[in-house]
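Enquirer: Pasting a structure below so you can have a look.
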Amino acid sequence: SLHTIINTRTGMSFRENICKLKMCHAARMLTDPDLSVARIAEALGYTDPGHFRRIFKNYYGCSPHTYRSSRSS
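Here the sequence shown stands for residues 908 to 980, numbered as in my numbering.
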């Protein structure tokens, strides 16, 4: 199955790959100070910005706001 192929080639589940792609895209989007975290969350398919913030913090170890601040210094 497709899930097996993805897991074999990447070492991650389909869901983990999607999360990685979304978080990498979120990190790139956070370099644009005109985009709010809520807008970024919505663009990535999250209906709840709070849920997006939790997922982002689990992935990067800091909030989107802290991540953005650390990149703009």
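Where a beta carbon is used, it is the ideal one built from N, C-alpha and C, also for glycine.
(1) My output table needs one value for M919: the three-state DSSP class, helix, strand or coil.
(2) With burial defined as no fewer than 16 other Cβ atoms inside 10 Å of the residue's Cβ, what is the status of I947: buried or exposed?
(3) Count the other C-beta atoms from every protein chain shown that fall within 10 angstroms of the C-beta of K927, then say buried if there are 16 or more, exposed otherwise.
(4) Is the Cβ-Cβ distance between L909 and K929 less than 8 Å?
Expert: To lay it out plainly:
(1) coil
(2) buried
(3) exposed
(4) no
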